[in-house]
Structure formats: structure tokens, C-alpha cells
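2 protein chains.
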Amino acid sequence: MKLPESTEWALHCTTALAQLGGEPVSTSQLAEHFGLPVPYLAKQLAHLVKAGVLSGTTGPRGGFRLALPATRITVLDIVEAIDGRGDPYQCREIRQQGRGAVPAADCLEPCVLATTMRAAHEAWRASLAAVTVAELVGTLPPEIPQRTRRLLSRGGGE
Amino acid sequence: MKLPESTEWALHCTTALAQLGGEPVSTSQLAEHFGLPVPYLAKQLAHLVKAGVLSGTTGPRGGFRLALPATRITVLDIVEAIDGRGDPYQCREIRQQGRGAVPAADCLEPCVLATTMRAAHEAWRASLAAVTVAELVGTLPPEIPQRTRRLLSRGGGE
Ligand code: FES
Ligand code: FES
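Taken in order, these protein sequences are the chains called A and B. Its first residue numbered 7, the first sequence is counted upward by one per residue in the numbering used here. Its first residue numbered 7, the second sequence is counted upward by one per residue in the numbering used here.
Encoded structure:
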């Protein structure tokens, strides 16, 4: 079970944008800031826009900013924007297969294995949904947001 | 994020063995019972033996049985026997990369993103560790274990 490597990119980019005053930051600025490849980062930012985490504007002064206040974006929103909302466990109804097959009429409810695995996935989701981007930023020592603003803000953070 | 399809096989096989009185069941019996391919199922059963969930004996009357009482085997034990114990999220220290790189001396502690993702993985693990194989069997209607014994026990469950 693996999350895509770009999950980390999305978390860092969103957390960085939350440290700015809302001015847009371009893909190439973010790529340079984190040492990431532009074309593939652009795809990940597009996933974040599609999921309603970021909003993007085009043009010479365009770029990405948070689509919502940082208090309303959770880590789960970011992770699911990249990896989707699927359950990592899939019940393929083995109970209805082979010599031990249970009749279909007795399989109208989800099986206990799928239910158990689903509950664990929901516990994982709840844990990530409980942490907002604002809270992540709040854990950083104050010099980090100052530095992020200095490096990423087109006005130099002034 | 996906768990291997064989996770389901391992869960069904272990739960079936927990319904028997401890007599060994062969790979081909289990494969036939669940309609699964013998060679690949054999590999998964070997993972379960290695993880201490099942024990295997060889010879004409040999096969697999639980290595521990069903009250002491959790769903997490089975899932991690197949998929390993790795965290699906990996922190690749992006904070130390690119123009925005934070000095290594300020990165001695795990970052807040890795800590947050780790906590969610531990919530998932705790949820699966809270359910034993005995509890799974306990949710089945009584005719299912009777049927499993009749079909899988070499004595026909008598
Ligand atoms: S029947 Fe196999 S997990 Fe649902
Ligand atoms: S530095 Fe990126 S998740 Fe730890």
C-alpha cells in the first residue's frame, strides 16, 4: 500500500500557499522553491484545483492560491485530491466463489471482512480530516512563514 | 493506495481455518474451497506462516492450521503478513530541497506532515488490531462454520 510520491508535493505546495497573503504563485515558482520538476508538478496542481483545494488564474500575474481559507482545508482534502477517494481494500466477493460458495441470496449485505477493512479506512480518513492546513502552518516556527513569504511572494513579502 | 488482491485470500483462508478444530487443511483444499489458483495461494500461505499467523506441516496428512488461538490473531496481523508493515506515506524531506530548503540542522525532528500522516496510519492499524479472527467468526451465522467444517474437514466435520 503506497501513496504516490506527489502526495508530498501537494502537501508542501498547499502549506506554502497558506503562508502567503493570498497572492498567486506560479508553477515554476513552486517548482523552484521545492526542487520539483515543472511538468509533473503542474499536473498535481491541476488535481488540487479540480478538487477545490486551490484556485488557479492564468496570465503573467497568474498562478495558484488557496481556494478556501486554510482553516477549511484538511490534510484529507489534499491527499484525496491526489490519490482519489477509493478504499485500498476491495472485496471481490470470494465468499461466492469456489466449492465453498455461499448462495448469492445470502450475500446481499457487505461481508464482515469488507466492513472491517472499511472501518479502518474511515479511521484513517477521520484522522486526516481532523488536521487543517491552518493547523499545520501553526506548528511551524515563526521564521518559516516569514521565509516562505520572502522567497515566494512577488512583492518579496513586504 | 491499494492493498494486494491476495489480502482478501489471506483473510478468507485464515477465517476458514479458525472455523475448524485445528486439523490441517492443504493448499489445494483451500484453493478449491475459494476458487483460487494453487501456486499463487501457496505463496500467500507461506507469508502467513512466516508472520506467525499459520503453521504448516508437510506430508500426506499435512497442511495449514492457525499458529495461535483465533482470539490472538488480529486482522492487522493478516493484512501486514501480506502487505508488510510499511507506512503508505513516505517523507522524502522535500523541506530540505530547492530554493526554499531549510538547513539540515533545523530538520532533526520528523516534519509535521510525516507526523500527521503517520498518526493516520496508526489509527488505521489500531482499528484493524482491534478485531480478532475469533470476532470475525463470531459474526457468522452458525450454519456457515458448520458448512466450512463439512466441506474442509477431512473427517467431514464429524
Ligand atoms: S467476500 Fe471477500 S472480502 Fe467480501
Ligand atoms: S519533508 Fe516532506 S513530508 Fe517530511
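Idealized CB from N, CA, C, for every residue including glycine.
In the DSSP assignment, A:G41 falls outside any alpha helix (DSSP H), carrying neither H nor E. For the C-beta of B:T145, the chain A residues within less than 7 Å are, from N- to C-terminus, V118.
Between A:E29 and A:R78, the CB-CB gap reaches or exceeds 8 Å.
Each of A:E14, A:H18, B:C97, B:E99, B:I100, B:R101, B:C117, B:L119 and B:A120 has a C-beta closer than 6 Å to some heavy atom of ligand 2; these make up the full list, in chain order. Under DSSP, B:T138 forms a beta bridge with B:T80. Spatial neighbours of A:V139 in its own chain (CB-CB distance under 7 Å, excluding positions within 5 residues in sequence) are listed in chain order as T20, T21, A24, A76 and I79. Pairing A:P116 with B:T33, the inter-Cα distance amounts to about 27 Å. Scanning chain A for C-beta atoms nearer than 8 Å to the C-beta of B:E14 yields Y95, Q96, C97, R98, I100 and L119, reported in chain order. From the beta-carbon of B:F40, the residues of chain A found nearer than 7 Å are I100, Q103, G104 and G106.
The C-alpha of A:D93 is placed about 19 Å away from the C-alpha of B:H18. Contact between A:W15 and A:L60 does not hold, since their C-beta atoms are separated by about 12 Å, which reaches or exceeds 8 Å. Against chain B, a Cβ distance below 9 Å from A:V81 picks out L119, T122, M123 and A126. Its chain contains Q25 as the residues whose beta carbon lies nearer than 8 Å to that of B:I150, once the 5 sequence neighbours on both sides are disregarded; these appear in chain order.
Interface flag for A:K49 against chain B is unset, since no Cβ pair is found closer than 8 Å. Contact annotation for B:K8 against chain A: M7 and P94 [CB-CB distance below 7 Å, chain order]. Taking a beta-carbon distance threshold of 8 Å, A:L157 counts as an interface residue toward chain B.
Within 8 Å of the CB of A:H18, the CB atoms of chain B belong to I100, R101 and L119, in sequence order along the chain. Under the three-state reduction of DSSP, A:T63 is assigned to strand. In the same chain as A:V137, and ignoring 5 residues on each side of it, the C-beta atoms closer than 7 Å to its own belong to T80 and V81, in chain order. Beta-bridge partners assigned by DSSP to A:L72: A:L60. In this structure, the alpha-carbon of B:L74 lies about 15 Å from that of B:L142. In this structure, the CA atom of A:A135 is about 39 Å from the CA atom of B:G41.
Secondary structure of B:V118 (DSSP, three-state): helix.
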